[in-house]
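Asks:
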Amino acid sequence: MVSEDLPTISAAFGQDVWIMPEYQKTMIGSEHAALYYKTLFDGIDITHFDKALTETIPVDALKIDIGEFTLRYTAADATEAKEISGHYVDVWQESASGDYTLLAQAWNFDSVYPEVRETNMFDTLPGVHLAFTPSVPIDTGVAFDHLAVDLDNDAAMIRQQPDLLHYVYAEDAVMYPHDSEPEVGREAIKDFLEGYTSGWPSFDFIKAASHRIEGTSPYVLSLISYNLRWDSLDTSGVSIGKGIRIMKRNKDGSLRTYRIISMHDQ
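Here the sequence shown is numbered in this note's numbering, starting from 3 and rising by one per residue.
#1: Whole beta strand (DSSP E) runs in the stretch 66-143 with 3 or more residues, listed along the chain?
#2: Among Ala-63, Ala-150, His-168, Asn-155, which has the Cα closest to the Cα of Ala-98?
#3: Using three-state DSSP, classify Val-4 as helix, strand or coil.
#4: Please tell me whether Ala-108 and Tyr-90 are closer than 8 angstroms, where the distance is taken between their beta carbons.
#5: Can you confirm whether the stretch 128-142 touches the stretch 21-41 when touching is taken to mean that 3 or more C-beta pairs between the two stretches lie within less than 8 angstroms?
#6: In the DSSP assignment, what are the bridge partners of Ala-211?
#7: For Thr-28, does the three-state DSSP call read helix, strand or coil?
#8: Lys-244 to His-266, Cα distance in whole Å?
#9: How is His-266 classed by DSSP in three states: helix, strand or coil?
#10: Express the C-alpha separation of Ser-113 and Asn-122 in angstroms, rounding to a whole number.
#11: Pull up the distance between the alpha-carbon of Asp-156 and that of Leu-230, whole angstroms please.
#12: State the beta-bridge partners of Asp-47 as determined by DSSP.
#13: Looking at the structure shown, is Pro-9 part of a helix, part of a strand, or coil, going by DSSP?
#14: Would you call Trp-20 buried or exposed, if buried means 16 or more other Cβ atoms sit within 10 Å of its Cβ?
#15: Please classify Arg-161: does DSSP put it in a helix, a strand, or coil?
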């Protein structure tokens with residue numbers, strides 16, 4: 003990253019890799035992923051980059067790396083250096099030869115960084131809003147399980163019942179929310195969700211969806227999106243985004259969210 007070595011970075015991409023940045027659309031495919039990084043390197047001068055691995059979770063032939071990062075840079079049109087930090091999830095897929103390629107890459111930030119959120123550096127890139135693309139067909143048991151979790155979440159939010167949102171999480175879950183530090187454990191997630199949603203307006207449409215599901219048991223990976231619409235006396239709007247979620251199957255067969263990272267599209 004510091005040497006802006008695009009060929010080396012691109013060599014890790016799988017053919018259908020998904021790059022899922024905070025505040026930007028999702029870039030799908032190795033060609034578009036490389037274009038994202040080229041645009042990044044053209045727009046900023048990176049002076050420091052560090053990734054610290056926290057844990058690796060196996061999901062069948064996948065390995066999911068989770069950790070934190072720090073990036074120091076100077077924008078091309080600025081003189082003042084900036085430093086940002088956050089958390090990342092890298093999903094690696096093992097090939098028949100034993101090599102690993104990147105299937106998906108996501109990151110968000112542990113605080114609000116207006117200069118990152120407001121940049122138009124990537125506006126012309128061919129990204130997609132996952133929320134406006136088809137979700138997985140409900141033709142397997144695990145897809146049905148994911149749909150049940152998503153519908154339960156949607157119902158609790160649209161009914162303004164934040165005290166129910168935490169029930170889809172495992173007791174040892176970790177949430178990596180937008181613009182915030184991680185929340186560790188279901189009780190901490192419960193407190194966070196109740197506070198985070200306390201000022202929300204009434205929603206007239208909510209849909210969480212899974213667009214790719216990998217694995218069976220004990221862990222299942224899904225690449226997800228959300229689409230929210232609200233309308234009140236003071237404000238109205240739309241919020242769309244995406245995320246990576248790892249579910250854990252309990253002894254009774256039910257799935258609970260074990261790890262989740264969420265990113266805005268805009």
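Glycine residues also receive a C-beta, built at the ideal position from the N, C-alpha and C atoms.
Replies: Taking the structure as given:
#1: 84-96, 102-111, all fully within the stretch 66-143.
#2: Translated into the one-based positions of the sequence shown, residue 98 becomes position 96. Among Ala-63, Ala-150, His-168, Asn-155, the Cα nearest to that of Ala-98 belongs to Ala-63.
#3: Within the sequence shown, the letter at position 2 stands for residue 4. In the structure shown, Val-4 sits in coil (DSSP, three-state: anything other than H, G, I, E or B).
#4: Along the sequence shown, read from residue 1 onward, the residue named residue 108 stands at position 106. Along the sequence shown, read from residue 1 onward, the residue named residue 90 stands at position 88. It is a contact, given that the beta carbons lie within the stated cut-off.
#5: The answer is yes - the stretch 128-142 touches the stretch 21-41, with three or more Cβ pairs under 8 angstroms.
#6: As a position in the sequence shown, residue 211 is number 209, starting the count at 1. Looking at the DSSP assignment, Ala-211 forms a beta bridge with Ser-227.
#7: The residue you call residue 28 lines up with position 26 of the sequence shown. Thr-28: strand per DSSP, three-state reduction.
#8: For this step, residue 244 is matched to residue 242 along the sequence shown. For this step, residue 266 is matched to residue 264 along the sequence shown. So the alpha carbons of these two residues sit roughly 7 angstroms apart.
#9: Numbered from its first residue, the sequence shown carries residue 266 at position 264. Note: His-266 maps to strand in three-state DSSP.
#10: Here the question's residue 122 lines up with position 120 in the sequence shown. Here the question's residue 113 lines up with position 111 in the sequence shown. Roughly 20 angstroms between the two C-alpha positions.
#11: Within the sequence shown, residue 156 is the residue found at index 154, counting from 1. Within the sequence shown, residue 230 is the residue found at index 228, counting from 1. Taking the straight line joining both Cα atoms gives about 10 angstroms.
#12: Residue mapping note: residue 47 aligns to position 45 of the sequence shown, counting from 1. Note: Asp-47 is bridge-paired with Thr-76 in the DSSP secondary-structure output.
#13: Mapped onto the sequence shown, residue 9 falls at position 7. In the structure shown, Pro-9 sits in a helix (DSSP, three-state: H, G or I).
#14: Position 18 of the sequence shown holds residue 20. With 16 or more Cβ atoms within 10 Å of its Cβ, Trp-20 is classed as buried.
#15: Your numbering for residue 161 matches position 159 in the sequence shown. Three-state DSSP puts Arg-161 in coil, outside helix and strand.
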